[in-house]
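In the UniProt record's numbering, the protein residues as written are 1 to 515.
Below, the structure written as structure tokens:
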């Protein structure tokens, strides 16, 4: 027996239609008429009864995107099916970017709604099983050897992280949401001498401003209304271990003052306490914001910034390390496999992998994991195809040739015969291609790159990359949008790389670049 379905819609006619459809299929509905009312249910005592949310996007007051944001901030992990009369691709992108599970256009047929609900419940069940299996396996220390990456862009991150693990200096990890900042923090902790000590995480952006000080530093019983018990605080919980402050840029200015003292003196003042408490912690902070700009804007204390920014590590976005995507996809597929050993996916098709590598992944690795997880659970066949990634396909289609080889395979084919290339791509995609099929798709073309220099040594990656960019500009007659699409990178990334190599992007044609 599944839980209730929460309907959030300001349109009374639409509410009745959806409720009638749910009742027809045997579901119990909880009906609300606004975003705020829906959040009240999800925050209330009956929240555990809710299995799926059907959410209207366009509502007065708190709209659907606002509800999705609030759910993410409050760590409410219930699948959300968004519905709206505005079915444009931008609306789909925005909803999916903010964590929606599925998207239906009004008026959605009862069968379409039931399919979306069934899929959501199926994915949720597998996710719960994975969590239980993870708890049964127990702990274990994460190290940099456990990180799934083959990208040169991550080499610097790993080198810096390994050096940081050998010391206790404060670390600031920067990068977009979803790039794996907490993963890097855990690898640093798991590689250092505090590996067997507590690792305590705090999402500073998800704590109400009036509770931040209490949660970080603790409080005494009766120190404020509602303080019915003594609370030790995250700093004391992490004593002798590591404290990871995620989204540090969201801390209120008054709390930043106390945090500075805690970092400088190694002691905290619980709310309502009469004395300070000494703590010995390794502090790792993370942010997706530009803290230096926040300092200039007066939103972040300059003295605290320099205390935290002793050892900065920048984690690049997934669009700048697309070579990692095949390995990450395989890893995420394998995570799902143990939940149903009788039905193991054989792999992913080469066109689908090309599509995933062409997409920019604004939600980075977190978004990729969710997409692969959903696709793996709902796939009808034994190989993942474009059909299992409808939202990604809708955004990529028309901007990339889905019949082309994955971007990471291009350079690999240059030093191999076509048959060898086929074997390698088949391996990358989980043996989804036969040996006879793969070589035809990877036929060498005029202008292929040399993998070895005159002495027979492998050429530097930067040299190969520059040559590839020049070749693409020449091949597409200086049409930079097309060059970026074919290289599988964003246009801004292309211009940045040209600037790094000292090339004028406005020059366009290759004959103006080769001087």
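All C-beta atoms in this analysis are idealised placements derived from N, C-alpha and C, irrespective of residue type, glycine included.
From a predicted model like this one, the values you see are computed outputs, not experimental measurements.
Between residue 240 and residue 193, the gap from beta carbon to beta carbon reaches 7 Å or more.
Non-local C-beta neighbours of residue 392 in its own chain, meaning closer than 6 Å and more than five positions away in sequence, comprise 359, ordered along the chain. Beta-bridge pairing by DSSP links residue 465 to no other residue. Shown here, residue 303 sits in a helix according to DSSP, grouped into three states. In this structure, the straight-line span from the alpha carbon of residue 272 to that of residue 258 is close to 14 Å. Three or more Cβ pairs closer than 8 Å define a contact, and the stretch 238-252 meets that threshold against the stretch 183-198.
In the three-state reduction of the DSSP assignment, residue 11 falls in the coil class, being assigned neither a helical nor a strand state. Taking a 10 Å sphere around the C-beta of residue 144, we find 16 or more other C-beta atoms and assign the residue as buried.
Considering only 114, 502, 283, the residue with the shortest C-alpha distance to residue 164 is 283.
Residue 61 and residue 22 have their C-alpha atoms spaced approximately 26 Å apart.
When the alpha-carbon of residue 396 is set against those of 321, 486, 348, 331, the nearest one is in 486. Burial is judged here by how many other beta carbons sit within 10 angstroms of a residue's own beta carbon; residue 84 has at least 16 and is buried. Taking the Cα positions, residue 344 is about 9 Å away from residue 376. About 7 Å separates the beta carbon of residue 352 from that of residue 389, a gap short enough to meet the 8 Å contact definition. Looking at the backbone, the Cα of residue 17 and that of residue 110 are separated by about 9 Å. Of the residues 152, 141, 321, 34, the one whose Cα lies closest to the Cα of residue 461 is 152. Within the same chain, Cβ atoms closer than 7 Å to the Cβ of residue 289 are found at 249, the five residues on either side in sequence being excluded.
Under the three-pair Cβ rule at 8 Å, the stretch 286-301 does not count as touching the stretch 222-236. Distance check between residue 118 and each of 43, 372, 101, 107 places 101 closest, using alpha-carbon atoms only. Out of 52, 72, 150, the CA that lies nearest to the CA of residue 120 is found in 52. Excluding residues up to 5 positions away in sequence, 483, 486, 487 lie with their Cβ nearer than 7 Å to the Cβ of residue 472 in the same chain.
Here the alpha carbons of residue 246 and residue 195 stand approximately 19 Å from one another. Counting C-beta atoms within 10 angstroms of its own C-beta, residue 330 has 16 or more neighbours from the protein chains shown and is therefore classed as buried.
The DSSP-derived three-state label of residue 18 is helix. For residue 75, no alpha helix (DSSP H) segment is defined, and its DSSP state is neither H nor E. Of 71, 15, 372, the smallest CA-CA separation from residue 42 is found for 71. Contact annotation, residue 178 with residue 363: C-beta distance approximately 5 Å; criterion of less than 8 Å satisfied. Inter-residue distance for residue 173 and residue 112 is about 43 Å (C-alpha atoms, whole angstroms). The beta carbons of residue 319 and residue 256 sit no closer together than 7 Å.
Between the alpha carbons of residue 78 and residue 501 lies a distance of about 46 Å. In this structure, residue 215 keeps its C-beta atom at 7 Å or more from the C-beta atom of residue 311. Collapsing the DSSP output to three states places residue 286 in a strand. Between residue 270 and residue 209 a beta carbon distance of about 18 Å is seen, past the 8 Å cut, so the two are scored as non-contacting.
DSSP places residue 29 in the uninterrupted beta strand (DSSP E) bounded by 29-32.
Cβ atoms of residue 327 and residue 491 stay farther apart than 8 Å, at about 26 Å.
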